[in-house]
Amino acid sequence: MKQDHSAGHNHKKEEGAQAPEADKAKESLITIPREEYDRLLGESARNGEYQDKYLRLQADFENARKRLEKQYQDFSKYANEGIILELLNILDDLERAAQLAENKGANLDTFLKGVEMILAHLYEMLKEHGLKPVEVVDKPFDPATSEALMQVEADVPEHTVIEELQKGYYL
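Residues in the sequence shown are numbered consecutively from 108, following my numbering.
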């Protein structure tokens, strides 16, 4: 009887050695109803569709970003084209005035009148593009629009700008 018991014990050891492997196989297999399985397959397919849509949207966004960047570069390149073309006319006028002065073909009054006309044309063109001079002479000093280089005594109220060394402009 002792032998039968030990033989039975040995048999249990062999089953015990195989039991963890069998348990692992059983653990990895899960039984679910067919409807649940079909539903999960559908969810998986929708997940794939969402992933595809996400990747497409990401690519569309990147393409739009690149397109906007190029449009901005083009805009920057051509935005000043009109004003530059207008400045070229004024540049031509200045070159003619310089040639006239070199050839001494005009008297000083005529030359100055021509330069004043060119300046008036330039100021008008800049005004049309939104440039306005900052008026500071005989006005109270404003540190937001001016920079003080020196203080002098004068017969004007204190902190009044009496001279402008370099013009400032609003755009």
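Here a beta-carbon is modelled for each residue, glycine too, at the ideal position from N, C-alpha and C.
CA nearest to the CA of residue i, picked from the options
i: H266; options: K246, K274, S151, L148; result: K246
i: E235; options: T138, A204, G189; result: G189
i: Q206; options: E193, L233, A186, G221; result: G221
Cβ separation of residue i and residue j, assumed to be a contact under 8 angstroms, to the nearest whole Å
i: V259; j: V244; result: The pair is not a contact, with the Cβ atoms about 14 angstroms apart (cut-off 8 angstroms).
i: V241; j: T252; result: 5 angstroms
i: I191; j: A204; result: About 20 angstroms separates the two Cβ atoms, so there is no contact after all.
i: D238; j: Y276; result: Per the sequence presented here, residue 238 reads as Leu, with Asp not at that position. Between Y276 and L238 the Cβ distance is about 5 angstroms, and since that is below 8 angstroms, they are a contact.
Coil, strand or helix - residue i by DSSP
i: E121; result: Note that E121 scores 46 on pLDDT, short of 50, meaning its location in the model is unreliable; the coordinates nonetheless yield the value given after this. Reduced to three states, the DSSP call for E121 is helix.
i: K239; result: strand
i: A261; result: coil
i: T252; result: coil
i: T138; result: coil
* Mind the definition here: the segment 190 to 201 touches the segment 211 to 230 only if three or more C-beta pairs lie below 8 angstroms; say whether that holds. => Yes, they touch.
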